[in-house]
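Notes to accompany the following structure.
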Amino acid sequence: MMKRQALMIKVSQQMRRMRHFGLLVLTLGFLSGQWAGVSAQQISSEANPLQIEIYATAHQVSQFCADSASRTKVADQLKSIGASKIYLETYRSGHRVPESLLSDAKEQFEKAGFQVATGVTTTPGNG
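Quick note: the sequence shown uses my numbering, first residue -18, plus one each step.
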């Protein structure tokens, strides 16, 4: 039980530190398939049913999901950390992700085994 609590605290601390960096940090920071020394298997095992869900901002969707090869790379990196769902933001600060890109990304991530949803968040300022 102590090991599980320590793992949950470690994961919680990492999530708190990285919550504002979104998919960019996740895709660049998890190339090794490990998260602060905790493997994807430890994070999402039956003993620890934590589910990893990723929220990608509209700009990140446009940048990291622009083509099939990029989406494959993102999917591989998300699998390496045990993610099961990705939220694709549709609009932020005047930037709207093209419908065709969202459709292609949704289809490819679903084929890769992810649940896919869209999202819009409120941000300060105009737009």
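Cβ atoms here follow ideal geometry from the backbone N, Cα and C, with glycine treated the same way.
For T53, the secondary structure class from DSSP, reduced to helix, strand or coil, is helix.
Taking a C-beta distance under 8 Å as the contact criterion, I62 and F95 do not qualify as a contact pair. Between the alpha carbons of V55 and C46 lies a distance of about 8 Å. Of the residues A93, S49, D85 and H40, the one whose Cα lies closest to the Cα of G75 is H40.
Assignment of V78 by DSSP, reduced to helix, strand and coil, places it in the coil class. L83 sits in a helix when the DSSP states are folded into three classes. Per DSSP, A98 is one residue of the beta strand (DSSP E) stretching across Q96 to G100. Cβ neighbours of S51 within its own chain (closer than 8 Å, five residues either side excluded): F45.
In summary, E80 is exposed, with fewer than 16 beta-carbon neighbours lying within 10 Å of its beta-carbon over all protein chains present.
Just so you know, the alpha carbons of K87 and V97 end up roughly 6 Å apart.
Each residue's CA atom was taken as its position, placing T38 and E70 some 5 Å apart.
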